[in-house]
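Numbering-wise (full-length UniProt numbering), the sequence shown opens with residue 1 and increments by one.
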Amino acid sequence: MSRAREGAVAEVFFALGDETRISLVRKLCADGASSATVLSNGQKVTRQAIVKHLQVLEGAGLVTHEKRGREVLYLIETRRLDEARVFLDSVSAAWDRAIDRLRFMVEEEETPPPRKPRSQ
1 MSRAREGAVA EVFFALGDET RISLVRKLCA DGASSATVLS NGQKVTRQAI VKHLQVLEGA
61 GLVTHEKRGR EVLYLIETRR LDEARVFLDS VSAAWDRAID RLRFMVEEEE TPPPRKPRSQ
């Protein structure tokens with residue numbers, strides 16, 4: 001993975017390191033394009049705070065926005081989520097390989113060595 005891609009993945013994880021932002025991503029994934037007003041419904045923070053959270057998500061490439069008349073709609077951008085998923089899949093695969101190697105080593109140690117035949 002290139003340094004630029006690692007930086008992009010780090011931005012995604014930083015952006016998703018907040019409960020409110022995770023909630024916003026979930027809403028956008030489930031409901032599609034939404035305004036900050038709609039997204040702020042049911043949140044514990046103000047609409048202005050939601051806009052700031054959306055800016056962080058947009059900075060990480062997770063969200064885009066478009067103006068429709070007077071309304072600004074926010075949309076999920078899945079490409080960065082896919083990059084983060086690929087990273088997590090690679091880490092998970094490496095972890096699985098390490099556990100398999102450890103399991104093999106343990107099983108090898110548990111197997112008793114073959115008995116030497118007795119000399120007569």
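Ideal Cβ positions, reconstructed from N, Cα and C, are used throughout, including at glycine.
Counting the other CB atoms within 10 Å of its CB gives Ala98 a total below 16, which places it among the exposed residues.
Residue range Arg47 to Gly59 is occupied by the alpha helix (DSSP H) that includes Val51, with no beta strand (DSSP E) assigned at that position. The Cβ-Cβ distance between Gly61 and Arg47 does not fall below 8 angstroms.
Within the UniProt domain "HTH arsR-type" (1-106), the complete alpha helix (DSSP H) segments of 4 residues or longer fall at 3-15, 19-31, 36-40 and 47-59, listed in chain order. Contact between Leu57 and Leu24 is confirmed by a C-beta separation of about 6 angstroms, below the 8 angstroms threshold. Across the structure, Thr64 and Ser35 are spaced so that their CA atoms are roughly 12 angstroms apart. Between the alpha carbons of Lys44 and Lys27 lies a gap of roughly 15 angstroms.
Comparing alpha carbon positions, the residue from Arg3, Glu6 and Ala33 closest to Glu77 is Ala33. The residue from Arg3, Ser40 and Arg5 with its alpha-carbon nearest to that of Arg21 is Ser40.
The beta-carbon separation of His53 and Asp18, rounded to 7 angstroms, stays under the 8 angstroms limit for a contact. In chain order, Ala36 place their CB closer than 7 angstroms to the CB of Val51, counting only its own chain and leaving out the 5 sequence neighbours on each side.
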